[in-house]
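Protein chains in written order, with our numbering: chain G, 9 to 131; chain Y, 9 to 131. All C-beta atoms, glycine included, are put in the ideal place defined by N, C-alpha and C. Here the structure is a predicted model, which means the values were calculated and not measured.
Right under this line is the structure:
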């Protein structure tokens, strides 16, 4: 009501939040790490497919028919580098390479859900 | 174990999920809507500042000292267009324009939390 002290007040709800320390964009900021993993057209759709289970390259192409081989290869390499998925080679003949989410990759499920929920809301 | 029928099997866990229908990147996909709102360097940091309360332009600049006036103006315009924040002009003299999150903008809190949590995890 009267004077407010600004600058040294505690931040309600954000007491020891480490986000308080991020004052400029940084690739090591956790929010940036996640956004970087999800970056690129098709990336979230590839993750969604793999949340349903392991897939071969061909199965991914069938699920996303407008996606080119080149872009799918790029996205799979990107997601592998981000620790989201792994290639696994099944023994036997013919050899079948499958792509599967890592445990970390499966934890993108709730992240995609949060992104979906916000975007699906009425404004 | 034996033959698997592929293609017409129900998707366990995703029965009526509307995401099933998104087969190509689309700006109207809710995930894309949210990622588009958060796009751009500094954008998430500006939202974080406003999650702490209304701010004037000058207060935002002080909280993010490496952010230039031009980029801050751009980000505020972008977030206004995305329905995340509104400008409010307080009556009185001198006039003070403040930036505040809309209810929709405040609901970005859990989204940023989900992005943070995933990126902060050990791989």
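Sequence-ordered contacts of the stretch 59–71 of chain G with chain Y read 60 [C-beta pairs closer than 7 Å].
Neighbours of residue 50(G) in chain Y, taken as residues at a C-beta separation under 7 Å, are given in chain order as 33.
Its chain contains 72, 75, 79, 80 and 83 as the residues whose beta carbon lies nearer than 8 Å to that of residue 50(G), once the 5 sequence neighbours on both sides are disregarded; these appear in chain order. About 11 Å separates the beta carbons of residue 127(Y) and residue 30(G), which is beyond the 8 Å limit, so they are not a contact pair.
Identification of residues in the stretch 93–127 of chain Y having a C-beta nearer than 7 Å to some C-beta of chain G yields 112, 115, 116, 118, 119, 120, 122, 123, 124, 126 and 127, given in sequence order. Closest in alpha carbon position to residue 120(Y), among 65(G), 34(G) and 38(G), is 38(G). Under the DSSP assignment, residue 52(G) falls in the alpha helix (DSSP H) whose first and last residues are 51–59.
When DSSP states are grouped into helix, strand and coil, residue 110(Y) belongs to the coil group. Within chain Y, 31, 32 and 33 have C-beta atoms less than 9 Å from the C-beta of residue 74(G), given in sequence order.
For residue 34(Y), there is no enclosing alpha helix (DSSP H), since its DSSP letter is neither H nor E. In the three-state scheme derived from DSSP, where H, G and I count as helix and E and B as strand, residue 79(G) is classed as helix.
Chain order gives the chain G residues near residue 41(Y) as 127, where near means a beta carbon separation below 7 Å. Take residue 59(Y), set aside five residues on each side of it, and the residues of its chain with a beta-carbon closer than 6 Å to its own are 117, in chain order.
Contact annotation: residue 68(G) and residue 54(G) have beta-carbon atoms nearer than 9 Å. Take residue 114(Y), set aside five residues on each side of it, and the residues of its chain with a beta-carbon closer than 8 Å to its own are 59, in chain order.
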